[in-house]
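Just below is one structure, and these are the notes that go with it.
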Amino acid sequence: MIMIATIESQFNTSHSQFNTSPAILLDPERKSLRVEEFEEKLSGLVIGQERAVRSMSSFYQIFLAGMNQPDHPLGTLLFLGPTGSGKTHTVEAAAEILLGERDVVLKIDCAEFQHSHEIAKLVGSPPGYMGHRETHPLLSQENLDRYQTEDTKLSFVLFDEIEKASDALWQLLLGILDKATLTLGDNQHVDFSRTVIVMTANLGAREISELITGGIGFAPAHVSFNTAETEVERKIYHTALEAARRKFSPEFMNRIDKVVVYRPLKEHHLQQIVDLELRAVQDRITHSVGAKFVLQCSDAAKEMLLREGLDFRYGARHIKRSIERFLVYPLSSLIATGQMQSGDVVLVDVDRKTGKLAFMKYAGGSLVDGTLQRASKVKSKDMRTQVVTLQFSRAKDARNGQKGPAA
Ligand SMILES: Nc1ncnc2c1ncn2[C@@H]1O[C@H](COP(=O)(O)OP(=O)(O)OP(=O)(O)O)[C@@H](O)[C@H]1O
Ligand SMILES: [Mg+2]
């Protein structure tokens, strides 16, 4: 009773009418361990977009508690904001964590479904129509359920660029959001109640890009945000939301559980993304059919990859390109020319003279200098050191059987 009295002093209502046993104050803010673990993993993969991460984890919590609204998708989210800021990536990363693979997200690029025959690709044609038997509708129950696991019976559907949806696709989408069900051409019903539906829109893209570059068109790649960055973020938020309200009917906006406006990524976010992408390159190496080696990039090499990919207008998109161009392509040449063997440790650094990436490796436990300019001059006193030229432009030499100068 003392406990009730203490708690009651905080509230307007009398609680003693419910029970005589002491009332225990509950904490609805608390997250389950599985949700916490999911949120932690997701924020490790999706950098700088805490709101998006939280919105995903709240649906997961609802799913785990079995509290989803009946006849309603598990969640309907609208993602807005700058290009390359992680909208698509968030959904793929969530799928990877919960279902084991990124590409299990059912993606519908709305711009591709403009005409009625294209809509048939989504829902199939009615019986009797030409091609009825051949068309396997993309939005079938089978496709939705295909990647669910014993543990996690949910699916992700992504409608990209919904502002480009035709009227027919729009009607279809409204139906799904409203009743969590879709009727296919052959009258079968598809149940979306265990589906997280994410829609993305690139509304206000031009204004957002101008806000990011300070309205000066092309921002020099090396210029980072200054103290006005929170103001820019705020403006981007309002620009995106207003554009969405102008474009979409209240009928549609009311069906959405959460609208998330992505922030433009800052330099320190992009730095973390370089690290993430390098880990992804290591995974590619580890799972490739070729030589499986360990990749180590120096801070200078990471810095160079960041500089080459830094263009705030495109978020992390150019980071990926920079890594492909300056790192993955040379590595592929080195693998293809047999300069690397499984078990090697490959070091990537910046050559001070050229400013380019230099590749070296430890082979058989010894450091092997891989830059040709230096390698040709190396006269090792230590006969255990085997010098292997790691020079990706020398593919032709390698084909001719030249392995580079030996120590
Ligand atoms: N916040 C982020 N955290 C980690 N990686 C990111 C982030 N944003 C972007 N990336 C990386 O950049 C790539 C492109 O991002 P993504 O496809 O998610 O952009 P988007 O916001 O969907 O852009 P668009 O509006 O052009 O479709 C991703 O595959 C991912 O590797
Ligand atoms: Mg996208």
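Each number in my numbering comes from the position in the sequence shown (counting from 1) with 1 added on.
Ideal Cβ placement from N, Cα and C applies to all residues, glycine included.
The Cβ atoms of R318 and T84 lie closer than 8 Å to each other. When the beta-carbon positions are compared, H73 and S250 stay at least 8 Å from each other. Taking non-hydrogen atoms of ligand 2 into account, the C-beta of D161 is found less than 7 Å away from one of them. Cα atoms of L159 and D192: separation of roughly 16 Å, rounded to the nearest angstrom. If you look at L183, you'll find it in the beta strand (DSSP E) that goes T182 to T184. In this structure, the C-beta of T153 stays at least 7 Å away from each heavy atom of ligand 1. Taking a 10 Å sphere around the C-beta of S323, we find 16 or more other C-beta atoms and assign the residue as buried. Distance from the CA atom of A94 to the CA atom of D104, rounded to whole angstroms, is 9 Å.
The region 199 to 212 makes contact with the region 243 to 259, as at least three CB pairs between them are under 8 Å. Distance check between A292 and each of E40, A301 and A337 places A337 closest, using alpha-carbon atoms only. Annotation: Q342 is outside any alpha helix (DSSP H) and is labelled neither H nor E by DSSP. A distance of 8 Å or more separates the beta carbons of D350 and K362. Each residue's CA atom was taken as its position, placing L328 and I48 some 22 Å apart. DSSP, reduced to helix, strand and coil, places M68 outside both helices and strands of the structure shown, so it counts as coil.
Taking the CA atoms as reference points, L75 sits about 11 Å from V199. Relative to ligand 1, I48 has its C-beta within less than 7 Å of a heavy atom. For S156, the uninterrupted beta strand (DSSP E) run begins and ends at S156 to D161, by DSSP. Between V347 and Q297, the C-beta spacing is below 8 Å. Leaving aside the five residues that flank K32 on each side, the residues in its chain whose CB is nearer than 8 Å to its CB run, in chain order, E40, S58 and Q62. Taken from the Cβ of T196, every heavy atom of ligand 1 lies 7 Å or farther away.
The closest heavy atom of ligand 2 lies 7 Å or more from the beta carbon of K321. Contact check between the region 136 to 148 and the region 182 to 191: three or more CB pairs, one atom from each, fall below 8 Å, which counts as touching. For G76, the enclosing beta strand (DSSP E) has its first and last residue at G76 to L81. In this structure, F253 sits away from V197, with a CB-CB distance that is not shorter than 8 Å. If the five residues before and after K303 are omitted, its C-beta is found closer than 6 Å to the C-beta atoms of V275, all from its own chain and listed in chain order.
If you draw a straight line from the Cα of L81 to the Cα of K267, it is about 17 Å long. A check of alpha carbon separations from I163 across Q172, T201 and V54 identifies T201 as the nearest. Comparing C-alpha distances from E309 to each of V54, K236 and R326 shows the shortest one belongs to R326.
The region 248 to 282 contains, as complete beta strand (DSSP E) runs of 3+ residues, the segments 259 to 262 (chain order). In this structure, the alpha-carbon of T240 lies about 10 Å from that of V233. A364: not part of any alpha helix (DSSP H); member of the beta strand (DSSP E) spanning L358 to A364, first to last residue. Ranking V92, Q272 and D179 by CA distance to the CA of P71 puts D179 first.
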